[in-house]
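The structure appears right after this line, and notes come after that.
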Amino acid sequence: MSRSRTGCSTCKRRHRKCDESKPSCRECQKNNLTCEGYALKLQWDVGVASRGKLTGSSLPVLAAGKEKKTGKGAEIDGVEGFGQFQALPLGGGETNGSDSLLGMGYPVIEPEEPQWLQRRSGHEKQLFKDFIQKTVFLFYSTSTEDPFPLELQRLALQNEPLFLGLIATHVYSTNPRNPPPLFHDLCNQSLRLFREQLSRFDGTLDGGLINAGVFLCTLHLFQGIPWTAHLNHMMWVYHLFPQSKNAHRIGDLEYRFSLEAMAIMDIPTFVRGRDIPTLGIWGFLRAAQKASSTGLVGGVESVSGLPRSLLDIFGRMAHDDVEKDFANWEGHEGSIPHVHLWEAFRISGILMSRRQKRTRASSPSNEMLVCRLVATLDALYETRKREEYAHILATNNRSEIILVPTPSQDPNDPLNWSKRRKAWNFTLVLAVTIAFFSAISIVMQMVLWQQMVIDMHVTYDQLNYGVAFNSAGLALGSFLFIPLARKYGSRPCYILSTGLMAAVSWWSGRMETVGEMYVTNFLSGLAASINETISEITIADLFFVHQRGTANGFYIMAVMIGQFVCPCIVGVQAAAQDWRWTYYTTGIVLTVLFLLFIFFFEETKFIPVTIGETRNTSSQGTPTLKTHPKDDPTQADIQDSDLNSETPPPRLTYKQRMRFITRTDEPLWRNYLVPLKMFLFPHVLFSALQVASCVAFLILLTSSISMVFSAPPYNFNTAGVGLMSLGPFVGNFLGSVYGGVLGDWVVVKLAKRNRGIFEPEMRLHILLLPALLMGGGLVLFGISADKGWHWIHPSIGGAMFGFGMASMIDISCTIIIDIYQTLTAEAFISVTFIRNIPSIGVPFGVVGWIASIGISKLFIVSGCVATAVCLLFIPCAIWGRRVRENTWQMYEFVRALKGAVRH
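Every letter in the sequence shown is one number past the one before it in our numbering, and letter 484, counting from 1, is 534.
Written as structure tokens, this is what we have:
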């Protein structure tokens with residue numbers, strides 16, 4: 051009699067021999083079972099370890115066939131077979147493709163409850179029922195005839211760790227971005243019982259316990275938490291390694307599904323959360339099968355949905371000849387969708403095998419393989435839309451975002467904070483950003499100049515010198531204080547800078563001399579410089595990568611409100627009261643924010659400690675795990691390996707959350723050295739030059755507004771001068787949309803044209819319009835203001851300049867984030883320092899330039915220079931990739947010098 055590989059469906063499920071007699075086999079008759087026949091059924095899809103794969107069971111396809119077939123099966127995609135496969139026409143008696151896969155629900159088995167189950171609450175039992183009836187179809191994709199959910203239910207009602215693991219899976223699925231405390235409690239209970247039962251091994255394999263271990267691995271995999279130690283424990287305790295006393299048990303057909311699930315989890319392609327090398331379980335399993343009387347088990351493996359012959363190659367991923375094995379894979383019988391699916395996996399395997407070794411010159415290029423992979427996935431997608439194939443591959447209807455950076459299980463990790471908690475802390479950051487940029491805004495200062503010249507008896511030259519002192523403070527502050535923030539935390543920096551800015555605002559309202567004006571401008575620049583860079587660090591601490599774009603959008607809007615909207619209010623207030631009251635108002639707002647930061651703002655700096663790590667004597671130590679079996683472990687080895695740290699720490703008290711300093715052990719000199727190294731990267735210099743140019747010409751524009759529009763023929767009062775900032779504000783807003791939303795859309799289109807490969811320099815392709823508008827806006831402003839045209843003309847010029855400036859800054863800074871992801875903060879320190887150097891010199895020359903050559907010629911020259919600087923994006927777009935390739939070794943060196951971070 052043959053084994054269950056070719057028997058009836060009942061014998062296959064029970065892993066029993068089948069004589070294949072028809073209409074029902076004798077094995078089923080002998081055991082009074084209903085023989086389910088020999089029709090092909092949909093296989094178990096996706097499995098425990100990998101979500102969202104398109105897998106299933108098979109209609110016959112001839113591997114490597116050359117005979118041309120006719121019928122619907124051969125007409126798909128207009129090709130006669132695909133790659134090394136050729137499809138057979140479909141049969142007639144298949145399941146209706148309109149059947150819903152997600153509307154099905156299995157009855158919940160209710161046998162006599164074991165003692166441990168009687169102790170479980172009704173709420174936990176209800177959660178288990180919800181998993182069986184609903185959640186199982188999100189974590190697995192099944193057909194209506196797939197019996198495994200019932201088998202999983204049966205095993206879970208006999209094994210408490212598996213029961214808890216399934217409940218934890220259901221709880222996780224309800225809120226995967228921020229799992230509730232119940233999830234962590236269930237995981238810890240399941241892990242503790244799993245280890246206890248594993249340590250009591252009496253020589254009998256327990257399918258429920260094996261599945262409990264696999265589910266624990268899966269839950270940890272989803273979160274990026276180390277999980278491979280669980281596989282290691284099972285292999286040690288069960289003695290499944292070669293030459294151990296139970297080595298033959300790994301090929302036991304009674305537990306084939308559970309053992310194969312272990313083996314799939316151990317395949318080298320699972321890298322997220324892996325903390326030890328592969329144990330080679332798949333190879334051990336296949337070797338044990340080969341040595342048995344029945345030989346190797348063929349067919350499609352039910353956890354991954356891939357042919358076992360293809361999994362044999364994935365299991366040898368580290369071998370030198372694995373690419374050749376992928377290329378020579380003989381294929382497997384399956385439907386047309388399976389042909390495309392398995393071909394996609396095969397090509398992906400070839401690409402993965404090339405990550406750490408050189409490729410022979412005769413091999414297809416990576417670009418060619420990527421193109422073929424994309425074509426295969428497209429064919430798979432198109433095939434699945436055909437009604438005749440709709441029933442073959444089943445997929446879950448929801449996919450989850452992989453969180454980057456990976457959050458820890460610690461509730462004190464800012465990434466794990468609730469939305470309300472994040473929103474409150476980030477709102478404080480936005481509020482202080484508006485106040486800071488309003489206080490140091492060049493526009494705000496020039497609005498008040500008309501009154502300050504009379505009240506303080508100062509000249510416009512002296513007021514411009516004050517702006518230079520402010521820029522000097524901005525340039526020095528980020529370089530001096532941000533490294534301290536990296537070492538001691540952001541909370542003290544926010545508190546000290548807000549307190550300093552509040553004190554400076556009160557002082558500015560009472561200043562009487564030019565010297566006081568210079569000092570207050572310099573100190574306000576120092577205070578504000580901290581906010582410019584530390585806000586980006588806070589965003590990285592609080593938000594995941596897929597949320598940072600929105601957070602940055604709110605931050606940029608806060609900057610724009612402070613720079614351009616607040617000066618309009620300041621002008622009205624100064625006209626109604628006095629210029630000093632604008633500083634008093636700023637001081638009041640900043641004093642309130644200072645108190646809010648002291649009592650309510652939490653430190654966002656977090657040092658992740660992975661739950662389950664073995665702690666050495668050093669707090670920064672990493673665990674050492676055995677990867678090769680030598681001696682049998684004792685019970686203490688298993689239970690003590692990481693139980694001491696498996697429970698997440700409790701939430702910090704209010705007093706602990708409000709601590710002033712959060713210190714790390716890295717040397718302070720390194721935090722100062724890395725930003726200096728960033729000056730060596732051409733892309734950083736390009737971005738810094740673009741931003742410096744924009745800020746320098748913004749100072750020129752705003753300084754000129756106060757001098758030109760407060761004099762004839764305009765004769766604007768402080769309110770009118772303040773309202774002239776609305777033009778640049780509108781242009782700035784539109785430029786942010788152009789450089790942000792439109793820029794992202796263009797990048798997607800260009801990446802598709804580039805065979806799906808994204809290059810950071812693609813963002814530069816839309817900068818021609820901003821470059822022309824920025825220079826043209828300066829020219830229009832200068833000519834119209836000099837000739838006394840209606841105020842709408844210089845306002846339009848200011849809007850054109852604001853559009854170009856926002857687009858250039860947006861794209862230049864985004865390129866830095868794209869290229870130097872792990873060195874973003876250090877890169878922006880360098881950009882901020884270079885940006886403010888021209889800003890120091892421009893205010894010293896504004897009055898003299900206007901007096902010597904006139905405002906028209908000054909802005910015509912400025913427009914030409916601004917356009918020339920902006921057009922440097924052209925050589926950067928052409929040779930930028932080559933420059934990155936030539937500097938990658940230096941980048942790796944600087945990144946290693948900085949040390950590991952999770953941003």
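For every residue, glycine included, the Cβ atom is placed at its ideal position computed from N, Cα and C.
Can you give me the start and stop residues for the alpha helix (DSSP H) that residue i sits inside?
| i | result |
| --- | --- |
| Trp286 | 278–288 |
| Ile903 | 874–920 |
| Trp929 | 923–936 |
| Lys67 | Taken as a continuous stretch (DSSP letters only), Lys67 belongs to no alpha helix (DSSP H), as it is neither H nor E. |
| Pro778 | 776–787 |
| Gly826 | 818–836 |
| Ile866 | 842–869 |
| Cys618 | 616–626 |
| Glu77 | 76–80 |
| Trp467 | Segment: none, Trp467 is in no alpha helix (DSSP H) and carries neither H nor E. |
Going by the beta-carbon positions, is the gap between residue i and residue j smaller than 8 Å?
| i | j | result |
| --- | --- | --- |
| Ser957 | Ser579 | With the chain covering 51 to 953 only, the question about residue 957 has no answer from this structure. |
| Thr548 | Leu592 | no |
| Arg813 | Ile861 | yes |
| Gly772 | Val622 | yes |
| Tyr634 | Gly559 | yes |
| Phe914 | Gln740 | First, the amino acid is wrong: residue 914 is Cys here, not Phe. No, these two residues do not count as a Cβ contact at 8 Å. |
| Thr219 | Phe181 | yes |
| Pro880 | Phe729 | The question names Pro, but residue 880 in the sequence shown is Ser. Yes. |
| Ile532 | Gly612 | no |
| Val287 | Leu248 | yes |
| Ser488 | Cys616 | yes |
| Gly777 | Ser857 | no |
| Phe233 | Ala262 | no |
| Ala625 | Ala761 | no |
| Ile866 | Val745 | no |
| Ile584 | Cys543 | yes |
| Phe604 | Pro464 | no |
| Asn886 | Ala608 | no |
| Ile755 | Ser889 | no |
Alpha carbon to alpha carbon, how far is residue i from residue j?
| i | j | result |
| --- | --- | --- |
| Leu513 | Met850 | 27 Å |
| Asp375 | Pro725 | 47 Å |
| Trp557 | Arg713 | 33 Å |
| His280 | Val933 | 45 Å |
| Ile397 | Ser385 | 18 Å |
| Gln239 | Leu401 | 40 Å |
| Glu962 | Arg66 | Residue 962 is absent from the structure shown; the chain starts at 51 and stops at 953. |
| Val568 | Met551 | This sequence places Tyr at residue 568; Val is not what is there. One C-alpha to the other measures close to 15 Å. |
| Cys68 | Asp460 | 52 Å |
| Ile275 | Leu269 | 9 Å |
| Val497 | Ser468 | 42 Å |
| Ala946 | Arg306 | 45 Å |
| Gln500 | Gln627 | 14 Å |
| Val944 | Ala535 | 19 Å |
| Asn782 | Asn721 | 33 Å |
| Cys85 | Cys61 | 8 Å |
| Gly790 | Met284 | 51 Å |
| Leu207 | Ser342 | 32 Å |
| Ala577 | Ile589 | 19 Å |
| Phe213 | Gly355 | 25 Å |
| Leu335 | Met940 | 45 Å |
| Ile314 | Ile711 | 45 Å |
If residue i sits next to residue j, beta carbons under 8 Å apart, how far is it from one beta carbon to the other, in whole angstroms?
| i | j | result |
| --- | --- | --- |
| Ser906 | Leu828 | That pair is no contact at about 11 Å. |
| Trp379 | Ser359 | 7 Å |
| Met824 | Met774 | 18 Å between Cβ atoms; not a contact. |
| Ile587 | Ala877 | The pair is not a contact, with the Cβ atoms about 12 Å apart (cut-off 8 Å). |
| Ser555 | Leu640 | 6 Å |
| Val482 | Leu643 | 5 Å |
Inset, instruction - Counting only runs of 4+ residues fully inside the segment 300–387, write out the alpha helix (DSSP H) ranges in chain order. - result: 306–316, 331–341, 358–364, 372–377, all fully within the segment 300–387.
Legend entry - Runs of alpha helix (DSSP H) lying entirely within the segment 539–586, each at least 4 residues, in chain order: The qualifying runs are 540–560.
Inset, instruction - Write down every uninterrupted run of the alpha helix (DSSP H) in the segment 725–764 whose length is 4 residues or greater and which is fully enclosed by it, in chain order. - result: Counting only runs of 4 or more, we get 732–759.
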